[in-house]
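Note sheet for the following structure.
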Amino acid sequence: MLRQIGKILIGIALLPFCIGFLWELGSTVFTVVYKPLIPYWFTGGALLYLVVHFLFRKPILSYVVGHELTHALFAVLFGGKVLAFQASEKGGHVQLTKSNVLITLAPYFFPLYTALALIAYAAAHVSGFPSLEPWLVLAAGASFAFHLVLTALFLRTDQKDIQEHGAFFSYPLIFLFNVLLTALLIRVLLARDMEFLSYLTGGIMRSLSISFRGFHMVYEFLAR
């Protein structure tokens with residue numbers, strides 16, 4: 350019970366940071382200097398996925414496979430082992446020897462296919478294959494839209510991962526991590542000139558300002 354209450358309180362405390370970092374991301378998007386044409390390829394990939402998603406068959410199996418693989422990847426990164434793996438359009442399951450908050454919630458904030466596209470993009474850049482780079486940016490945009498849309502879709506259903514840690518804790522954490530990841534993606538792939546540390550600093554300052562205003566409003570309400 351105490352652990353559940355603690356997670357609820359942490360989730361509430363994360364809300365100002367969700368707003369603050371999203372606000373800072375909105376400001377950054379319109380002020381950053383972008384690489385030539387790269388944002389168009391990325392946006393084109395995202396739009397291409399949206400067309401496939403809404404007009405054709407939704408790639409549910411691909412999402413479930415990526416979801417379970419992300420659980421497995423994070424478990425291995427934390428020193429665990431994968432004992433069993435199962436995935437189908439009806440759902441998936443992976444049996445691990447270790448679990449924690451990040452392992453459980455990783456599929457909702459870590460876009461595995463986008464990470465693979467970024468690795469391929471870096472390899473093409475280092476190996477001297479510039480003709481491949483725009484297509485890999487297109488793949489990154491499509492896979493990131495795939496991650497955001499299907500994650501939102503799956504979070505509307507009962508997910509054991511969310512039930513394990515509680516919605517009041519899981520949703521703010523997932524939202525915040527996705528905002529931070531979006532900013533990092535802009536920095537790594539799209540931006541020519543963006544200081545990620547400045548983004549983090551700005552996000553923290555906005556978040557603290559929102560927190561202080563919230564505390565002040567609560568104090569004034571209780572003091573009446």
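The numbering used here puts the last residue of the sequence shown at 573; the count rises by one with no breaks. Ideal Cβ positions, reconstructed from N, Cα and C, are used throughout, including at glycine. Bear in mind the structure is a predicted one, so any value in this text is a computation, not a measurement.
Item                                                                                                         : Value
Contact belief for His514 with Thr453 at Cβ below 8 Å, rounded distance in angstroms                         : 7 Å
Option in Glu544, Ala540, Ser519, Ile535 with minimal Cα separation from Ala362                              : Ser519
Proximity test, Cβ basis, 7 Å: Phe423 and chain D                                                            : Structure shown: chain D not included; a single protein chain is present.
For Asp542, the residue or residues it bridges with in DSSP                                                  : Val382
Boundaries of the alpha helix (DSSP H) in which Ser437 is found, first to last residue                       : Looking at the DSSP string, Ser437 is not in any alpha helix (DSSP H); the run it does join, the beta strand (DSSP E), is 431–437.
At least 3 beta-carbon pairs within less than 8 Å: the stretch 421–428 vs the stretch 490–507                : no
Pairwise C-alpha distance: Lys384 and Phe545                                                                 : 16 Å
Cβ neighbours of Leu525 in the same chain (closer than 7 Å, five flanking residues each side left out)       : Leu363, Phe366, Cys367, Phe370
Local conformation of Gln512 per DSSP, three classes                                                         : helix
Ser476 versus Ser560 - alpha carbon distance                                                                 : 47 Å
Residue closest to Thr500, alpha-carbon to alpha-carbon, out of Arg555, Tyr548, Phe570, Phe459               : Phe459
Separation of Leu557 from Met566, as counted between CA atoms                                                : 14 Å
Phe517 and Gly360 closer than 7 Å at C-beta                                                                  : yes
Val414 beta carbon near the ligand SAH (any heavy atom closer than 6 Å)                                      : You won't find the ligand SAH in this model; it holds no ligand whatsoever.
8 Å Cβ shell around Glu438 - same chain, five flanking residues per side excluded                            : Ile409, Leu410, Val413
Assigned secondary structure, Gly490 (DSSP; H/G/I helix, E/B strand, else coil)                              : helix
Assumed close pair Val382, Arg555 - CB separation to whole angstroms, cut-off 8 Å                            : The Cβ separation is near 22 Å, so there is no contact.
His420, buried or exposed, once every other Cβ within 10 Å from all chains shown has been counted against 16 : buried
N- and C-terminal bounds of the alpha helix (DSSP H) containing Leu481                                       : No alpha helix (DSSP H) contains Leu481, which DSSP labels as neither H nor E.
Local Cβ density within 10 Å of Ala433, reported as buried at 16 or more and exposed below that              : exposed
Proximity of Trp390 and Val498 at Cβ, strictly below 7 Å                                                     : no
C-alpha gap between Ala532 and His474, whole angstroms                                                       : 21 Å
Span separating the alpha-carbon of Asn449 from that of Leu422                                               : 13 Å
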